[in-house]
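Numbering-wise (this note's numbering), the sequence shown opens with residue 29 and increments by one. Positions of the beta carbon are idealized from the N, C-alpha and C atoms, including for glycine. Working notes, beginning with the structure itself.
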Amino acid sequence: SYVLNNYSMSQPRHISAQEAQLLLNNMQRFCNFPVQDTYFVTAWSQLGEDNNGYVSASLFIQAVIPLIPPAYIW
Numbered sequence: 029s030y031v032l033n034n035y036s037m038s039q040p041r042h043i044s045a046q047e048a049q050l051l052l053n054n055m056q057r058f059c060n061f062p063v064q065d066t067y068f069v070t071a072w073s074q075l076g077e078d079n080n081g082y083v084s085a086s087l088f089i090q091a092v093i094p095l096i097p098p099a100y101i102w
């Protein structure tokens, strides 16, 4: 919730692939999550983008969180 509430998105509640990658980079940088390149591909492919190239931001986060080792999730 904090991550999404403090993140600027070009479409309300939706995120593009470029924004999703930036979000993951910020999660790694500011939250110290050990993000790997495969996390984006895995989470993004689970969701399937709409015709405009966007997915639900909250669903993207829900797809990414299980990929992060539990020791880093608080």
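query: DSSP three-state assignment for residue 38, whether helix, strand or coil; result: coil
query: Cα-Cα separation, residue 52 to residue 63; result: 7 Å
query: Local conformation of residue 96 per DSSP, three classes; result: coil
query: Beta-bridge pairing of residue 84 - partner residues as DSSP gives them; result: 42
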